[in-house]
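Trainee: Have a look at this one before I ask anything.
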Amino acid sequence: MVSRGISAPLCEHPQPPKSCTADSSLAHLTGYNMQWASTIKEVELSHFFKEWPAMWRRFWDIWVVSWVIILGVGFMASPLVPYGYRITNFTCILPIMTQACCHFLYPIVLNPWCECCGYSCSNRADSQCCFSNSRWRFLAEYHVLGARSRIFSIFLPAHACRSVQIRAIRVLAADCPLIGLRKRNNERVINCNATGPAGVLIPMSETQPRSTPTLRPVGSHLSQTWHQH
Amino acid sequence: MSTARHAVLHALIDRYYAIACALALSLLNWALVGLFADQLDLFYLESWQVFLTCIVIFSGLSNISSAIFMYRLNADSLGNALINNFKVSCSGFHVLQTVADVQWVIFFFFFFCGLSWHLSTAL
Numbered sequence: 001m002v003s004r005g006i007s008a009p010l011c012e013h014p015q016p017p018k019s020c021t022a023d024s025s026l027a028h029l030t031g032y033n034m035q036w037a038s039t040i041k042e043v044e045l046s047h048f049f050k051e052w053p054a055m056w057r058r059f060w061d062i063w064v065v066s067w068v069i070i071l072g073v074g075f076m077a078s079p080l081v082p083y084g085y086r087i088t089n090f091t092c093i094l095p096i097m098t099q100a101c102c103h104f105l106y107p108i109v110l111n112p113w114c115e116c117c118g119y120s121c122s123n124r125a126d127s128q129c130c131f132s133n134s135r136w137r138f139l140a141e142y143h144v145l146g147a148r149s150r151i152f153s154i155f156l157p158a159h160a161c162r163s164v165q166i167r168a169i170r171v172l173a174a175d176c177p178l179i180g181l182r183k184r185n186n187e188r189v190i191n192c193n194a195t196g197p198a199g200v201l202i203p204m205s206e207t208q209p210r211s212t213p214t215l216r217p218v219g220s221h222l223s224q225t226w227h228q229h
Numbered sequence: 230m231s232t233a234r235h236a237v238l239h240a241l242i243d244r245y246y247a248i249a250c251a252l253a254l255s256l257l258n259w260a261l262v263g264l265f266a267d268q269l270d271l272f273y274l275e276s277w278q279v280f281l282t283c284i285v286i287f288s289g290l291s292n293i294s295s296a297i298f299m300y301r302l303n304a305d306s307l308g309n310a311l312i313n314n315f316k317v318s319c320s321g322f323h324v325l326q327t328v329a330d331v332q333w334v335i336f337f338f339f340f341f342c343g344l345s346w347h348l349s350t351a352l
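These protein sequence lines are chains A and B, in that order.
Residues in the first sequence are numbered consecutively from 1, following this note's numbering.
Residues in the second sequence are numbered consecutively from 230, following this note's numbering.
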């Protein structure tokens, strides 16, 4: 399911290749351009009115289609239509309205920074977010792919802000039950704080203090070794 | 061997096609059932019935069976598992509980219902 192209550690595609269904569905799920992360200095909270231009660019077609369907269904149920042609059957309207409404709400409800979805955070002071840790882990699983090596490729969403990525790393670092996060010898993935540069997660020896952020800038693994035994 | 491979391949691929045609087919279902309900009544299975079945099974019964499963594993008492499955704030990452989490039910509902168009454009 984690498909080729996405899992390549040093991927040069600006966008995930949409050549097979697994690719497209994964890239669709996250809706992301694959990019390397840059240095992140602060966490910012986003909201709908900041996000919607990006959402519109990404989802304008299905928004138009779903509103056409919704208005069309509403029109056909209205008394404007002659009686024999009116479609007022509940069981008939419900499936198509479910489809149309879910298509419209899809980027809004599933956007990690959407506060309107009613997902409450268990620890609000800590995280500033509206998702529980389990959902962040779910997101992190799709953000942090290519976990075959100890280099983790981080992919930023096109319509979400960078703090998603920070949060994903923090969740991953808290404890890592996720895909292929290997523990070799006494290496482990170390916590990082939100102000550290993101991009490459580097395992670290247990002898070093856990609170030290061990993130290095992108590409630094090419020039230096990071075994720290 | 060949048959088994084909079966796996079709199981993998066909579900994407099935999801992809959901939007178009539900539109077709709306027009057909709405306009020609009398003629179709004898042989046509309304998508409402399938919809209801899926909702009952996947969001209702799967949570209950997952709770029974947790109980049988001695991971939890039956009542707690039931409550947890429908109202959970997951503190620890646990696959069974998170999959059965009711927030995930909502999450997956929007996810899978909104998937159709994007898959059909990708295919």
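Cβ atoms here follow ideal geometry from the backbone N, Cα and C, with glycine treated the same way.
In this text, all values refer to a predicted model and were calculated from it rather than measured experimentally.
Would you mind telling me which residues of chain A sit closer than 8 Å to residue 269/B, beta carbon to beta carbon, in chain order?
Mentor: The contacting residues do not exist; residue 269/B stays about 11 Å from chain A at best.
Trainee: How close, in whole Å, do the beta carbons of residue 344/B and residue 284/B come, if the pair is a contact with beta carbons under 8 Å?
Mentor: Contact doesn't hold; Cβ gap of about 16 Å is too wide.
Trainee: Find the nearest neighbour of residue 334/B within the set 294/B, 274/B and 289/B, judged by alpha-carbon distance.
Mentor: 289/B is the residue among 294/B, 274/B and 289/B whose C-alpha sits nearest the C-alpha of residue 334/B.
Trainee: Give every residue of the same chain whose Cβ lies closer than 8 Å to the Cβ of residue 261/B, excluding the five residues on either side of it in the sequence, and list them in chain order.
Mentor: 269 and 273
Trainee: Mind the definition here: the stretch 63-83 of chain A touches the stretch 232-243 of chain B only if three or more C-beta pairs lie below 8 Å; say whether that holds.
Mentor: no
Trainee: Under 8 Å, Cβ to Cβ, is there at least one residue of chain A near residue 276/B?
Mentor: yes
Trainee: Note down, in chain order, each residue of its chain lying with its Cβ closer than 7 Å to the Cβ of residue 346/B, except the 5 sequence neighbours on either side.
Mentor: 252
Trainee: Quick check: the Cα distance between residue 244/B and residue 254/B, rounded to an integer number of angstroms?
Mentor: 15 Å
Trainee: So, helix, strand or coil for residue 334/B, using DSSP?
Mentor: helix
Trainee: As a quick exercise: from 342/B, 246/B and 235/B, pick the residue whose alpha carbon is nearest that of residue 349/B.
Mentor: 246/B
Trainee: Hey, how far is the Cα of residue 201/A from the Cα of residue 68/A?
Mentor: Confidence in residue 201/A is poor, its pLDDT being 38 and thus under 50, which makes the residue's placement too unreliable to answer from.
Trainee: For residue 207/A, name the three-state secondary structure that DSSP assigns.
Mentor: Interpretation of residue 207/A is limited by its pLDDT of 34, a score under 50 that renders its predicted location unreliable; no figure is taken from the coordinates.
Trainee: What residues in the stretch 94-106 of chain A have a beta carbon less than 7 Å from any beta carbon of chain B?
Mentor: Against chain B - using a Cβ distance shorter than 7 Å - the residues of the stretch 94-106 of chain A are 94, 95, 96, 98, 99, 102, 103, 105 and 106.
Trainee: Taking the alpha helix (DSSP H) that residue 276/B falls in, what are its first and last residues?
Mentor: 276-283
Trainee: So what does DSSP say about residue 342/B, is it helix, strand or coil?
Mentor: In the three-state reduction of the DSSP assignment, residue 342/B falls in the helix class, which pools H, G and I.
Trainee: Can you say whether residue 286/B is buried or exposed, counting buried as having 16 or more other CB atoms within 10 angstroms of its CB?
Mentor: It is exposed - the Cβ of residue 286/B has fewer than 16 other Cβ atoms within 10 Å.
Trainee: Give me the residue from 235/B, 351/B, 291/B and 258/B with the minimum Cα distance to residue 234/A.
Mentor: Nothing can be reported for residue 234/A, as the shown portion of chain A is limited to 1 through 229.
Trainee: Alpha carbon to alpha carbon, what distance is there between residue 62/A and residue 352/B?
Mentor: 16 Å
Trainee: Short check: CB of residue 88/A to CB of residue 77/A, under 8 Å?
Mentor: yes
Trainee: Which residues in chain D sit within 7 Å of residue 109/A, going by Cβ to Cβ distance?
Mentor: The chain inventory of the structure shown lacks chain D, comprising the protein chains A and B.
Trainee: Kindly indicate which three-state DSSP category residue 87/A falls into: helix, strand or coil?
Mentor: coil
Trainee: What are the boundary residues of the alpha helix (DSSP H) that includes residue 263/B?
Mentor: 251-269 is the extent of the alpha helix (DSSP H) around residue 263/B.
Trainee: Say whether chain A places a C-beta atom closer than 8 Å to the C-beta of residue 252/B.
Mentor: yes
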